[in-house]
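Sequences listed follow chains G and X, in order. Heads up, the first sequence is in my numbering, so the first residue is 11 and it goes up one at a time. Heads up, the second sequence is in my numbering, so the first residue is 249 and it goes up one at a time. Yeah, the Cβ is synthetic: ideal placement off N, Cα and C, and Gly gets one too. Right, one structure below, let's go through it.
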Amino acid sequence: MISTVYRLTAPGMIEAACQELDLTCGQVLLRPRYLSVCKADQRYYQGNRSPEVLLEKLPMALVHECCAEVIRDPSGQFQPGDMVIPCPNLPSEQDEFVAENYLPSSAFRSSGHDGFLQEYLLSAQDRLVLAPTHARPEVSSFIELVSVAAHAIDRFERIAHARRNRLAVWGDGNFGYITALLLRAIYPQAEITVLGAVHEKLAYFSFAHRRVHVDHIPFAKHYFDHAFECVGGRGSGCAINQMIDFCAPEATLSLLGVSEQPVEVNTRLVLEKGLRLFGSSRSGVKDFARAVRLCNEHPWVAQALERLVAEVVPVRTIADIHTAFRHDMQQSFGKTVMCFDA
Amino acid sequence: MNIAAIFAAGIGSRMGSSSMPKQYLQLGSKPILVHTAEKFWAHPQVDCVVVLTPRAWLDFTQDTLNQHLPPGHGITVIEGGDTRNGTLRNLLAWVENTHGAGEHILLTHDAVRPFVTHRIISENIAAVQQHGACDTVIPATDTIVRSDDNTFITEIPPREKLYQGQTPQSFWCAKMRELMDSLSPEEELTLTDACKIFALRGEPVALVQGEVHNIKITYPYDLKVAHALLGIEETP
């Protein structure tokens, strides 16, 4: 079958291309229905990547956060009409020690491999997870982002010592919101503090015990048992060094924000306190399953995620895709979701 | 019931030296007709797909579909007519015999338009439910010139009111039957497509937005364009 792929050919330019899908290959035929715009997509769309990277990756269909409808599954594992979350990570091998999302051989949709801006696509059954039972599909569209937070927390659980009474999240954006939300659900006894630079954005974090502006941190040094950095970009350095200042000895610092530039870190204090710093990126299928499980087990989590839906843009044509990206540029907080019907 | 009818009854005389009807020519890994049928077969709102072909190509078409689609695909192949209207009459008769005279939406589509999209199919169904009939079109980009004597310009109609017709063309089956039965032989001779029957009788036909790439593969040039759209080389 011929399926239309909507590829970014140059910053700000999207063109329809066509590709053949082999319906006899045994994979699940999917139709992407709700797609969420991510900052990584915006960086490509706006041309905020190096010319070398753009030259290497484009043309490419954007978007790696998606909720799709099952059209046909020859294996019978999924039923027509099932809403599923496709994992954008596409591993080609397994490794005993390295997770699928860190294998250099893995492909990733909307980063060198076509993303979900496609009319139809085929997926292996083991790359799919059923969408949360009670969440709206707009929320399901960004379960991938939730799974990235779930992955980071999973790694944190294996690395950090067991005193987890005071947890901090640096970052008042979408990912900080999701990470703090999952920590609240997974560690109900812990005190969750969110630190950010914008009061209006911090106001959204109603589930956190404390919301603190980074210019006026009222805590003593060594206050937090562990901390998560969800800032990224130019604010990364400040956030990481504040985390080093305010975390207790032997704390674990999770670095999750993407920075295009190298960051200076106060290594003297890292050494002095014996801190553990680890990085986390993307996620694998088991993290998707945990993200969905958290939504199913804690309906208030799905509700809180719904508050992240800032705008839903119906998409029938390429012009509508541009509209969605332009709207998203103007959002200071929340997710832009495309209701995709092209 | 929503029934997709793929019109593959032409012999493709404009495809140059090829003796194979154009709908069976290879596009990428499979014949054009298979690509087209798959698109309707995969659409969740389409309940049934029927392909209308010349009598001599009935078995060939069924074999071709069986070869390329998953087992149990359920696509039916029936005989078309000598003309487009003849094919339409055969289709209406088949629908009544097979599915009864209930309320069926018919989506009629050229076999040689394999780039039809999910959205176009969905919007055809919605437009019939809302308006009774629809035609898939794109705005005309070239200036259209009318000449009554094939020598001098009679009229240059305003382009903003002109569209290029594509397919699907869709309508209620029973309404089409009623309109066709009302046609005189002279009127029937003037009809080149299904929507014209509705227009002739003053019935509303809604416009559904097509796609520039929903091209009809008529000439060898079109086949080259189709391969280019797929980003692949044409097989010599």
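Original post:
Is the Cβ-Cβ distance between residue 350 of chain G and residue 325 of chain G less than 9 Å?
Top reply: Taking the first sequence and counting its residues from 1, the one referred to as residue 350 of chain G is at position 340. Taking the first sequence and counting its residues from 1, the one referred to as residue 325 of chain G is at position 315. Yes; because the gap between Cβ atoms is below 9 Å, this pair is in contact.
Subject >> Per DSSP, the bridge partner or partners of residue 121 of chain G >> reply: Here residue 121 of chain G refers to the residue found at position 111 when the first sequence is read from its first residue. In the DSSP output, where bridge partners are listed per residue, residue 121 of chain G has G/118.
Original post:
What runs of the alpha helix (DSSP H), each 4 residues or longer, lie entirely inside the region 317 to 385 of chain X?
Top reply: The region 317 to 385 of chain X contains these whole alpha helix (DSSP H) runs: 332 to 347, 366 to 379.
Original post:
Is the CB-CB distance between residue 255 of chain G and residue 276 of chain G below 9 Å?
Top reply: The residue labelled residue 255 of chain G in the question sits at position 245 within the first sequence. The residue labelled residue 276 of chain G in the question sits at position 266 within the first sequence. Residue 276 of chain G is positioned such that its CB atom lies closer than 9 Å to that of residue 255 of chain G.
Original post:
Among G/245, G/348, G/106, which residue has its Cα nearest to the Cα of residue 181 of chain G?
Top reply: Numbered from its first residue, the first sequence carries residue 181 of chain G at position 171. Taking only the C-alpha atoms, the option nearest residue 181 of chain G is G/245.
Subject >> Where the beta strand (DSSP E) through residue 23 of chain G begins and ends >> reply: Taking the first sequence and counting its residues from 1, one reaches residue 23 of chain G at position 13. 23 to 30 is the extent of the beta strand (DSSP E) around residue 23 of chain G.
Original post:
From the beta carbon of residue 81 of chain G, is the nearest beta carbon of chain X less than 9 Å away?
Top reply: Here residue 81 of chain G corresponds to residue number 71 of the first sequence, with the count starting at 1. Judged by the 9 Å Cβ criterion, residue 81 of chain G is in contact with chain X.
Original post:
What distance in whole Å lies between the Cβ atoms of residue 376 of chain X and residue 270 of chain X, which are believed to be in contact at a cut-off of 8 Å?
Top reply: On the second sequence, residue 270 of chain X is found 22 positions in, with the first residue counted as 1. On the second sequence, residue 376 of chain X is found 128 positions in, with the first residue counted as 1. Residue 270 of chain X to residue 376 of chain X, Cβ: 28 Å. No contact.
Original post:
Does any C-beta atom of chain X lie closer than 9 Å to the C-beta of residue 349 of chain G?
Top reply: By one-based count along the first sequence, residue 349 of chain G stands at place 339. Taking Cβ atoms only, chain X never reaches closer than 9 Å to residue 349 of chain G, which makes this a no.
Subject >> chain G contact residues for residue 454 of chain X, given Cβ-Cβ distances below 7 Å >> reply: For the purposes of this step, residue 454 of chain X is taken as the residue at position 206 of the second sequence. What residue 454 of chain X touches in chain G: nothing, since even the nearest Cβ is about 16 Å away.
**OP:** Give a yes or no on whether the minimum CB-CB distance between residue 188 of chain G and chain X is below 9 Å.
**Re:** Your numbering for residue 188 of chain G matches position 178 in the first sequence. Output row for residue 188 of chain G: interface = no.
Original post:
Shortest alpha-carbon distance to residue 309 of chain X belongs to which of X/295, X/324, X/296?
Top reply: Position 61 of the second sequence, counted from the start, is the residue given in the question as residue 309 of chain X. When each option's Cα is compared against that of residue 309 of chain X, the closest is X/324.
Subject >> Cβ-Cβ separation, residue 290 of chain X to residue 127 of chain G (assumed contact under 8 Å), whole Å >> reply: Translated into the one-based positions of the first sequence, residue 127 of chain G becomes position 117. Translated into the one-based positions of the second sequence, residue 290 of chain X becomes position 42. Wrong, their Cβ atoms sit about 18 Å apart, outside the cutoff.
Original post:
Does any residue of chain X bring its CB to less than 9 Å from the CB of residue 29 of chain G?
Top reply: Within the first sequence, residue 29 of chain G is the residue found at index 19, counting from 1. Residue-level contact by beta carbon holds for residue 29 of chain G and chain X, with a gap shorter than 9 Å.
Subject >> Proximal residues of chain G, C-beta to C-beta of residue 318 of chain X below 7 Å >> reply: For this step, residue 318 of chain X is matched to residue 70 along the second sequence. Chain G residues near residue 318 of chain X: 33, 34, 84.
**OP:** Taking C-beta pairs closer than 7 Å, name the residues in chain X that residue 11 of chain G reaches, listed in chain order.
**Re:** In the first sequence, the residue the question calls residue 11 of chain G occupies position 1. The answer, in chain order, is 283, 286, 287, 290.
Original post:
What do you get for residue 231 of chain G, buried or exposed, if any count of 16 or more other CB atoms within 10 angstroms of its CB means buried?
Top reply: Reading the first sequence from its first residue, position 221 is the one you call residue 231 of chain G. With fewer than 16 other Cβ atoms within 10 Å, it is exposed.
Original post:
Does any heavy atom of the ligand PLP sit closer than 8 Å to the C-beta of residue 100 of chain G?
Top reply: This structure simply doesn't include the ligand PLP, nor any ligand for that matter.
Subject >> Beta-carbon gap between residue 384 of chain X and residue 473 of chain X smaller than 9 Å >> reply: Here residue 384 of chain X refers to the residue found at position 136 of the second sequence. Here residue 473 of chain X refers to the residue found at position 225 of the second sequence. In this structure, residue 473 of chain X does not lie closer than 9 Å to residue 384 of chain X by Cβ.
Original post:
Which value, in whole angstroms, describes the spacing of the CA atoms of residue 419 of chain X and residue 354 of chain X?
Top reply: Position 171 of the second sequence holds residue 419 of chain X. Position 106 of the second sequence holds residue 354 of chain X. Roughly 6 Å between the two C-alpha positions.
**OP:** If I'm right that residue 46 of chain G touches residue 322 of chain G with Cβ under 8 Å, what's the distance once you round it to whole angstroms?
**Re:** Start at 1 with the first residue of the first sequence, and residue 46 of chain G comes out as number 36. Start at 1 with the first residue of the first sequence, and residue 322 of chain G comes out as number 312. In fact, because the Cβ distance is near 10 Å, the residues do not count as touching under 8 Å.
**OP:** Would you kindly report the start and end of the unbroken beta strand (DSSP E) that includes residue 12 of chain G?
**Re:** For the purposes of this step, residue 12 of chain G is identified with residue 2 of the first sequence, where counting begins at 1. Per DSSP, residue 12 of chain G belongs to the beta strand (DSSP E) from 12 to 20.
**OP:** Tell me the start and end of each unbroken beta strand (DSSP E) in the region 188 to 227 of chain G that is at least 3 residues and wholly inside, in chain order.
**Re:** Runs of the beta strand (DSSP E) inside the region 188 to 227 of chain G: 201 to 206, 220 to 223.
Original post:
Taking Cβ-Cβ distances below 7 Å as the criterion, which residues of the region 108 to 129 of chain G are in contact with chain X?
Top reply: 129
**OP:** Counting only the same chain and skipping the five closest in sequence on each side, list residues whose C-beta sits under 6 Å from that of residue 159 of chain G.
**Re:** The residue you call residue 159 of chain G lines up with position 149 of the first sequence. In chain order, 188, 189, 192 place their CB closer than 6 Å to the CB of residue 159 of chain G, counting only its own chain and leaving out the 5 sequence neighbours on each side.
Original post:
Can a CB atom of chain X be found closer than 9 Å to the CB of residue 39 of chain G?
Top reply: By 1-based counting over the first sequence, the position of residue 39 of chain G is 29. Answer yes: the Cβ-Cβ gap between residue 39 of chain G and chain X drops below 9 Å somewhere.
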